[in-house]
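Inspection log for the structure reproduced underneath, given as C-alpha cells.
2 protein chains.
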Amino acid sequence: MMNKYVDMDTLKFVLYDVHNLEDLLKRERFEEHDKESLDLFLESTKDFADKELYPYLKEMDEQPAYHKEGKVYVHEQVKTMMHKGGELGIISASFDYEDGGMQIPLVAHTAASYILDAANNHLPGYAGLTQGAAELIIHFANEKLKETYVPDMLTGQWGGTMCLTEPQAGSSLSDIVTKAKRTEEGFYKISGQKIFISGGDNQFTENIIHLVLARIDGAPKGTKGISLFVVPKNRPKADGSLTPNDVTTVADFQKLGQRGYCTTHLGFGDADDCQGWLVGEENQGLNYMFLMMNAARIAVGRGGSAIASAAYYASLQYANERPQGRKLSSDGKKNMEDNQNLIIEHPDVRRMLLLQKAVVEGSMSLVHLATKYYDLELTATSDQEKNKYNTLLEMIIPVVKTYPSEAGIYAVNNGLQVLGGYGFCSDFILQQYYRDIRINAIYEGTTGIQSQDLLGRKITMGNGSGLQMLLTEITIAIQEAKKHQELIPYASILEEKIQLTQKVLQELMPHAMKGDFERYLADASIFMEFFSLIIVGWTWLEMGTKAHEGLNNNNAKYSNEFYIGKIETLKYFYAYELPKTLGHAEILLNPSTVTIKKELEYIN
Amino acid sequence: MMNKYVDMDTLKFVLYDVHNLEDLLKRERFEEHDKESLDLFLESTKDFADKELYPYLKEMDEQPAYHKEGKVYVHEQVKTMMHKGGELGIISASFDYEDGGMQIPLVAHTAASYILDAANNHLPGYAGLTQGAAELIIHFANEKLKETYVPDMLTGQWGGTMCLTEPQAGSSLSDIVTKAKRTEEGFYKISGQKIFISGGDNQFTENIIHLVLARIDGAPKGTKGISLFVVPKNRPKADGSLTPNDVTTVADFQKLGQRGYCTTHLGFGDADDCQGWLVGEENQGLNYMFLMMNAARIAVGRGGSAIASAAYYASLQYANERPQGRKLSSDGKKNMEDNQNLIIEHPDVRRMLLLQKAVVEGSMSLVHLATKYYDLELTATSDQEKNKYNTLLEMIIPVVKTYPSEAGIYAVNNGLQVLGGYGFCSDFILQQYYRDIRINAIYEGTTGIQSQDLLGRKITMGNGSGLQMLLTEITIAIQEAKKHQELIPYASILEEKIQLTQKVLQELMPHAMKGDFERYLADASIFMEFFSLIIVGWTWLEMGTKAHEGLNNNNAKYSNEFYIGKIETLKYFYAYELPKTLGHAEILLNPSTVTIKKELEYIN
C-alpha cells in the first residue's frame, strides 16, 4: 500500500495561496506557464515519486551503497532517478530555455523536489547535485565547457558533484590544499583528495562531472586563492568518446542514514593525469561556489522538511489506527467497560502530532519563501528590486538551511515517540527517518557554521539594513493578520518578538563593535534557535491569515477541516514553540563567558 | 586502545562527596563495608568492563541478536556478562547476606552498573533484569520458589525477565489478557503472548525465569485483576534436571539500537503445558511488579546517563585532537599564517561539550540520589524516616527515569554534532550511541507516561506533602550553597525556580480539583521538562557546593581543574539549561486547549 508522505493540498496551498505563485507567473520569464501546467508538472512528479521512489526507500537503507575494487555501487533506482527524472525535467526545469531548461519558477521546481525528498530522501540528491553543477557551468564557465558538459547532465546521462571538503580542512575552506597546475594545453593538472563527496560515483551514469575547488600554484593563501574547476571522471575526446581522467574512487563512507545516497572519498591525479578546466577567472572559485552552496543550503532545508513530512504522516497513520488506554473520567478513574481510545485522542499524542505538523508545514512554507525570493530577484525589473530580493534571500538562507534540519530532527524524534516501542523497531519506518534526517544539520555547513553566518555576516550586513528589510516584510504580514479578529493575539505576539530581537541585538552588538568577535559569536547557535522560531512564527502567521481568508470564502478551494487545521497548528506554534524564545532571550541577554576558553582547561 | 567512557573520579565524587556514602556505611546493614572495600568493588567492575564489555560494543551492534528456528542467538559476551558478572556480584551485590547477596548499598551497586552501562549498554540489561526478577521472588514469593530459582539466578547461570507488555495493550496494563488457569496441582496453566521482552531468550543461560503478569479466571477487570507468576523457560524436575515449560520464542525484534540486547516476542502455553507459580497473593501482581518497575526505571535513567557519558568522552577526545578553523582577530579576519585551532577552542564546540558534561554528571548525581534514598529507606530506624525516604524516592522516580533519557538523547545528539560529518559515519562510535540511547525514553513507561505519573500521581501525593518534602530538601541545599559567595547567585536562581514551580501548580491544580483530568494532564510532558531542569539544577548546586569545599580544602582529593570543571559546568547549566524553564512556564501559565480533541478533526 502507498502510504502518505506529503500533503499535496498543503503544498499547493503554500505555493498558490501563501506565496502567490500566480502573481509570479505574470512575469515575462514565466509567461508560457500557468497554474494548470505547473500542477501537471507537480502531479507527474508525484506519480513518478509514488512509483519509482517511495517503494524503494526501505530497500535502499537495507542495501546501502558500497565500494568495491575502485568503484561505488548504488541501488538500481539511481539510474531511474537520473534518466527518468532527467526526462521529467527534475534536473533542468527551472533553467533558461536556451540552456535546455523549461524556465519554470524555482519555487515550483522546489515543490517538485520536495515531493521527491519526502518520497525517498536517498535519491533526489543525485539529480540535485547534477543540477547544481550544471548551473555553475552555465553561469560561470565558457561556451566550450557549457557545450561539452551541460546537455548530458540535464538529461541525467551524466551526473555532477561539488567537491569542497578535504580531510585536513573539514569546513575550513581556507585550508584547502588540492593543487591545480597550469599546462600549456589550456587545462590544469589537478591533484589532491576530497572527502564526503555526495553522489561521487555510481555504476549507472556514463560520466560524473566534478566541480572542484583547488589552488593554482602561487595562489594567495586562504579563501582568496581558491579557483573552481570542471573535472570530469571521464574526459570527452574529440570524437565524443570518453577516456578515464585519473579520478579515483578511494572509498565510500558507511553512514547512520541516507545509506543509499553514496558519500565518497575521491582522489584526483594519483597518476598525474587528471585534467581540470578553469571555470571563470582564477581565484574566484569560492565566489562562484556560493551560487551552488546557497542552492544546496535551500535543498538541505527542503530535505529536512520533507523527511519530517514523511515521518509525520507515518506517525499520524499509526495514531489513527492504534487503540490504547482510556481517558480518565471526572473521578480520576478509568472505566474498563469502555473501549480503548485511539491514541490520537490523547492530548500528549496530539501534542506530538501538532508539533510535527507545525515544523513540517512551517518549514515547507519557509523553504518556498526562499525560492520565491530567488525568482523575484531573477525577474526583478530594477536594481533596487533585485537588491531587495537578493538581500531578503541572503538574510534567511542560514535559517532556511538550519530550522528544517534541526527542528526536523525534533519532529521526527517525536514521530518515533508516537509509536512507542514500535518506533524503535526496524519493521517501522520512523527509525529510518530518524537516522536519515540526522545529516541535514551537518550537510553544507553545520548548524554552528550557519549560525556564525547568520549573526556574523547576515545580521550585520549593510549595517543592519538587511535585517531592517526583513523586519519590514514581517511587519507587513503582521498588519495583514490583524485584519482577522481571531489572529490579532498572534500578530501581537510576533510584534513583541521583533522588539525582543532588537533588544537582544542591542546587547550583542557592542561586542562586535569593539572587535571582540569571539564574544559576539559565542552564542550564535542560541541566537539561531531564537531567530528561527521568530521567522517560522512569521510563516505561520501568513499561513493562518490565508487559512482564515479561505474559511471566510464561500468558494474556498479546501475543506473547513483543512483551514481549521492550519489555524490550530498556528495556535500550537504560538502556544508551544514560540515561548522557547524566552529562554533564548534570557541566555542572550545575560551572556555567560563559560564557553570561552580560559587558561586552565576545565572541560575534562 | 581503550577509550575513556566514564570518569571514575567524578563517579567517586558523586558517591562519597555529594552523596556522603561514608555516612551511609555507618548504618548497621552496611557495617562490614568500608570505602576501601567498595572502591575495590568499583575498580574490579571497571576492570571487568574494560576487558569484557567495552571491546565488544561495536561488534554487538554489527552482529545483532537474531531469531532462528525458535531460538534467539546473542553475542558470546552475554555468557561472560552473566557468568563472570554473576561471580563479581553484579547481580546480587545489594541483596541481603541471607539471600546470597553482599549487602552493599544500592547506591554503590548502581555505580558499578553505571560503569557497565557506559562500557557497553548492550550487556548489563541481561544481568539487571535477572537481578530484578530475583528481587521480586525474594520479596514476595514463598520459600519453595525462592529456593528453587534464586540461587542460580544470582550466579548468572539462569537469567530472568519481566513480562508485562502484550500486543493489544502496549503500555495499558489494565488491558492485559494473558490467562492463568488454576490447577489442582498448585500451579497455574499460563497462556498468552508477551512482546518487547528484553533478554527474553539466549543460547547461553540454561534457564530463564520469566516474571509474568496474567489474569486468573474470574479476576476483576483492569489492573485490580492482575496476578504475578514465576514462569520458567524450563521447569526444574524433582531431581534438579530441566524440562521445557512450553514457552515459545516467537521472534526477536530488530531495532534501531541496542541491537545486541535481544527484544523478544514470547508465547506461553501454545501446547497447553506452560506451568506458572503464583507469587504472593492473587490480584496483587501489579503492586509487586512496581518494586521491580521502580528499580527498572532507575536503571533506565542510569543507562541514559551512562550512554551519554561514553558519548561525551568520545566527542571530547575528538575535540581535543581535531584542528580546524581559526579564531577571528579584532579586525574580524583570520590570519592564515596561524596554525588551525583545535576545535575544543571554539566557543560553540565548548558549549556542546559543556552541555554534555552538564547532562552526564547532573543525571549521574540524580540517579545515585534515588538509590541513596532507597538505601536510607531500607535502613531507616523509624517509620517516619522510612516514610520520608520512600516519599522522596517516589517523588523523583519519574524524573530519574526521564531526564537522563531525554536529556541523554540531547547530549548524544550534540556529541555527534561535535564530530561534524564524521559523527554521521559508521566508523565513529557517536552514531551508535545516538541509536542506542533512543530507547531509554520509551523503555519502562514512555516519557509521556512518566509525565502523567509525575503530575498526576506524585505531585498530588498526600495532598502535596510529598512535593513539600522534596522542596524542603532542595531548600537545605540552597542554604548550604549560600555559604559560598560564588554560589549565591545560583542558589538564588534556584529559589526563584521553586517559586515559579508553585506558581505553575497554582495554575494547574484547579483543573484537577474540578475533576477535569484531561486538562490537568494535557501538558504533563511540558511540566516534566520544566520540573526536571529544576531538579537537575538542584543536583548541580549540590555538586558545585562540594566542589567549592574541595577548592577551599588544602587536602582536597582532586585537582583544581577537576573542581573548577564542576563549578564551570554548574555555571553552564544555570546559564544555558535552566533558562528553558521560562519557556515552559509561559506554556503552563497560559494553557492552550489546542491538544484537546474537539468534534472536528483538525490534525490532518
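Listed in order, the protein sequences are those of chains A and B.
Quick note: the first sequence, position 543, residue 543 per our numbering, numbers continuous.
One rule links them: number in our numbering = place in the second sequence (from 1) + 604.
C-beta: ideal position from N, C-alpha, C; glycine also.
By the rule that beta-carbons nearer than 7 Å mark a contact, A:P579 touches chain B. Taking C-beta atoms as the reference points, B:S1129 and A:Q324 fail to come closer than 7 Å.
Looking at the DSSP output, A:L266 sits in a beta bridge with A:K194 and A:T249. The three-state secondary structure of B:P668, taken from DSSP, is coil. Per DSSP, the beta-bridge partners of B:F833 are B:V816 and B:L882. What B:F1166 touches in chain A, judged by beta-carbon distance under 8 Å, is N604, going in chain order. No Cβ-Cβ contact shorter than 7 Å links A:T243 with A:D270. With a minimum length of 4 residues, the unbroken runs of alpha helix (DSSP H) contained wholly in the segment 889-930 of chain B fall at 889-925.
Straight-line measurement puts the Cα of B:G1012 at about 26 Å from the Cα of B:N994. Note that the C-beta distance between A:Y433 and A:I307 is below 7 Å. The beta carbon of A:S426 sits closer than 7 Å to some beta carbon of chain B. Pairing A:A411 with A:V359 gives a Cβ-Cβ distance under 7 Å. When DSSP states are grouped into helix, strand and coil, B:Y792 belongs to the strand group.
Distance from B:T1199 to A:R457 at the Cβ level is roughly 39 Å; contact not present, criterion being Cβ atoms closer than 8 Å. Under the Cβ criterion (8 Å, minimum of three pairs), the segment 147-160 of chain A does not count as touching the segment 35-44 of chain A. Every unbroken stretch of the alpha helix (DSSP H) spanning 4 or more residues and falling wholly within the segment 672-723 of chain B is given here in chain order: 681-692 and 710-723. Burial of A:N414 is indicated by the presence of at least 16 other C-beta atoms within 10 angstroms of its C-beta.
Residue pairing by DSSP places A:M162 opposite A:L211 in a beta bridge.
In the three-state scheme derived from DSSP, where H, G and I count as helix and E and B as strand, A:K146 is classed as helix. Within chain B, Q1021 and G1024 have C-beta atoms less than 7 Å from the C-beta of A:T446, given in sequence order. For B:V676, no chain A residue has a C-beta closer than 7 Å to its own C-beta; the minimum C-beta separation is roughly 15 Å. For a cut-off of 8 Å, the C-beta gap from A:L129 to A:G160 is around 5 Å, short enough to register as a contact.
In this structure, A:A180 and A:F229 form a Cβ contact; the two beta carbons are roughly 6 Å apart against a cut-off of 8 Å. A:E601 reaches chain B at E1165, counting residues in chain order whose Cβ is nearer than 7 Å. Cβ neighbours of B:Q735 within its own chain (closer than 6 Å, five residues either side excluded): I695. For the segment 106-124 of chain A, there are no residues whose beta carbon sits under 8 Å from a beta carbon of chain B. Residue-level contact by beta carbon fails for A:A407 and chain B, as no gap is shorter than 7 Å. Around A:Y434, the beta-carbon contacts reaching into chain B at under 8 Å are L860 and R1042. Residue pairing of B:N838 in beta bridges, as defined by DSSP: B:P848. Chain-ordered listing is empty here: chain B has no CB closer than 7 Å to the CB of A:G464, the nearest sitting near 16 Å. The straight-line gap separating the alpha-carbon atoms of B:L957 and B:A722 is approximately 17 Å. Secondary structure note for A:K388: its alpha helix (DSSP H) is the uninterrupted segment D383 to V418. Your pair A:I474 and A:I459 does not check out as a contact, with CB atoms roughly 14 Å apart and the cut at 8 Å.
For A:L505, there are no CB contacts under 6 Å within the same chain when 5 residues up- and downstream are skipped. If you draw a 10 Å sphere on the C-beta of A:I208, you find 16 or more other C-beta atoms in it, and that means buried. Of the other Cβ atoms in all chains shown, 16 or more fall within 10 Å of the Cβ of A:S315; this residue is therefore buried.
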